[in-house]
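Residue numbers for the sequence shown follow this note's numbering, so the first one is 23 and each next one is one higher. Note that beta-carbon positions come from the ideal geometry of N, C-alpha and C, so glycine has one too. Since we're looking at a predicted model, the values are computed, not measured. First comes the structure, then the notes that go with it.
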Amino acid sequence: MQTEYFNRQVASEDNTGYNIVPYGYFTYRHMSDDLTFSFNINEIVDYGIVSTLYPVFTTTSGLDSHFLRAYLNNSLRFASYCVLQKQGGSRTYMYFKKLASHEAVFPCVAEQKRIALFTDLLDRRICAQQKTIDALKKYKRGLVSLVFSVENPYALLLSETPMTELLVEYRNRDTAGLRVCSVAVNKGVVDQIEHLGRSFSAADTSNYGRVKPGDIVYTKSPTGDFPYGIVKQNWLDEEVAVSPLYGVYTPISFEVGFLLHIYFEQHSNANKYIRTLAQKGAKNTINISTSHFLDKSILFPKDPAEIKLLVRLFSGLTERIAATERHLDLLTQKRRTLLQQLFI
């Protein structure tokens, strides 16, 4: 349903002219910006409505709906057909007449049903894996909220600690021979080409910032839930270079840097801390100097033993989430490969 997907109603109040989608019928958006189309079946309500941008259709008696959905969403043959529909401009249009003109040879209905059952099992397994990841991340967010609070239930000794007692700005510009990295919400400090697909660094990187393993990096670039930028620890086993616009800080210990990474990983903490330091400038940039970033305090544990305990706790949970995400990637890749082999 639209409210489940968008968390709000995005359709206009006047639904006159919308297409009706009976239970079991297909619908898809007939325009695409990336040459791909997503075909879905209404298996939620008896009757739904969709914008006129979404054609509605059903299958004939000789074609299994779930098999057709798997074919349209995964077939390289159909993907090639979609490419042929591009006639200039940035969008590709797949009107129903064009869709119905696509020719393909399908197995008998009994075989279609067996293939559809197999693909549905794959989808359910991937969905269950994603739910596990979501549950672990939700648990981690809740744990961070509890740990970094005055009335934490674990009797941890926390106090308002100036950031200058935790971090020291590091302004080493000797970056010759170092690979250039970016900072991403999910990947942290990551190779720029690996993350963005190509290099966006300047031809001359001599004024870039040097980042040691364990250093904290702050990028002011707004993104998603982080309108004031993101803060990450460098978990790479090497020194790297980052844009001169990034702030680089050396923590008093790796463990302290790790906990700061965990703290600022939550957008509520990052936004609360940075918002009062920053002012948005032209082109939605953030006006905050790298040294200014250290001007505030955060609630932080004082006891080294408690710090080490929290690091063990959160490092274990972080690795479990990462391992679960890697398994999801593996399942998704296997699914893609198997279905492409099925629908050659």
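Quiz item: Given a threshold of 16 other Cβ atoms within 10 Å of its Cβ, counted over all protein chains shown, does CYS203 qualify as buried or as exposed?
Solution: buried
Exercise. Report yes if the CB atom of ILE63 is closer than 9 Å to the CB atom of TYR47, and no otherwise.
Key: yes
Quiz item: What does a CB cutoff of less than 8 Å around LEU360 pick up in its chain, not counting 5 residues either side in sequence?
Solution: LEU144
Quiz item: Would you report the Cα separation of GLN363 and GLU133, rounded to the nearest angstrom?
Solution: 15 Å
Quiz item: Which residue from SER83, SER87, VAL43 puts its Cα closest to that of PRO77?
Solution: VAL43
Quiz item: Nearest CA to the CA of VAL67: which residue from LEU188, TYR45, ALA138?
Solution: TYR45
Quiz item: Going by other Cβ atoms of all chains shown within 10 Å of its Cβ, with 16 needed for buried, is ASN306 buried or exposed?
Solution: Low local confidence applies: a pLDDT of 49 at ASN306 is under 50, so the model's placement there is unreliable, with the coordinate-based value given in what follows. With fewer than 16 Cβ atoms within 10 Å of its Cβ, ASN306 is classed as exposed.
Quiz item: Is it buried or exposed for GLY251, if we count other Cβ within 10 angstroms and need 16 for buried?
Solution: buried
Quiz item: By Cβ distance, which residues of its chain are closer than 8 Å to THR81, with the 5 residues on each side in sequence left out?
Solution: PHE48, SER87, LEU90
Quiz item: Got a sec? Which residues, its chain only, sit under 7 Å from ILE284 by beta carbon, not counting five neighbours each side?
Solution: VAL166, PHE336
Self-check item: Among GLY84, ASP196, THR298, ALA101, nearest to SER319 - alpha-carbon criterion
Solution: THR298
Quiz item: If you run the structure through DSSP and keep just helix, strand and coil, what is LEU57?
Solution: coil
Quiz item: Identify the residues that DSSP records as bridge partners of CYS203: which are they?
Solution: ASP213
Practice problem: Kindly list the residues whose CB is nearer than 8 Å to the CB of GLY210, restricted to its own chain and excluding five residues on each side of it in sequence; keep chain order. | Solution: LYS254, GLN255, ASN256, TRP257, HIS283
Quiz item: In three-state terms, what does DSSP make of GLU191?
Solution: strand
Quiz item: According to the neighbour-count rule (16 or more other Cβ atoms, all chains shown, within 10 Å of its Cβ), is PHE214 buried or exposed?
Solution: Looking at the sequence provided, one finds Gln at residue 214 rather than Phe. When all chains shown are included, GLN214 counts as buried.
Quiz item: Whose C-beta lies closer than 8 Å to the C-beta of ILE155 among residues of the same chain, with five residues either side of it excluded?
Solution: ILE343, THR346, GLU347, LEU350
Self-check item: Whole-angstrom C-beta distance between ILE366 and LEU98, which should lie under 8 Å
Solution: 7 Å
Practice problem: Answer yes or no: do SER265 and TYR240 have a C-beta to C-beta separation smaller than 9 Å? | Solution: no
Quiz item: Does DSSP put GLU287 in a helix, a strand or coil?
Solution: helix
Quiz item: What does a CB cutoff of less than 8 Å around PHE248 pick up in its chain, not counting 5 residues either side in sequence?
Solution: VAL207, HIS289, ALA292, ASN293
Quiz prompt | ASN41, enclosing beta strand (DSSP E) - first and last residue | solution = 41 to 44
Quiz prompt | Residues of its chain near SER367, where Cβ-Cβ distance is below 7 Å and the 5 sequence neighbours each way are ignored | solution = Residue 367 lies beyond the range of the chain shown here (23 to 366); nothing can be said about it.
Quiz item: In three-state terms, what does DSSP make of VAL264?
Solution: strand
Quiz item: For the beta strand (DSSP E) that contains THR81, what are its first and last residues?
Solution: Segment: none, THR81 is in no beta strand (DSSP E) and carries neither H nor E.
Exercise. Can you give me the Cβ contacts of HIS314 inside the same chain, cut-off strictly under 8 Å, excluding the 5 residues immediately before and after it?
Key: LEU299
Self-check item: Counted within 10 angstroms of its Cβ, other Cβ atoms place ILE274 as buried (16 or more) or exposed
Solution: exposed
Exercise. Return helix, strand or coil for THR183, following the three-state DSSP convention.
Key: strand
Self-check item: Spatial neighbours of ILE148 in its chain, beta-carbon cut-off 8 Å, leaving aside the 5 residues before and after
Solution: LEU350, LEU353, THR354, ARG357
Practice problem: Mark ALA304 as exposed unless 16 or more other C-beta atoms lie within 10 angstroms of its C-beta, in which case mark it buried. | Solution: With a pLDDT of 45 at ALA304, under the threshold of 50, the modelled position of that residue is not reliable, and the figure given next carries that caveat. When all chains shown are included, ALA304 counts as exposed.
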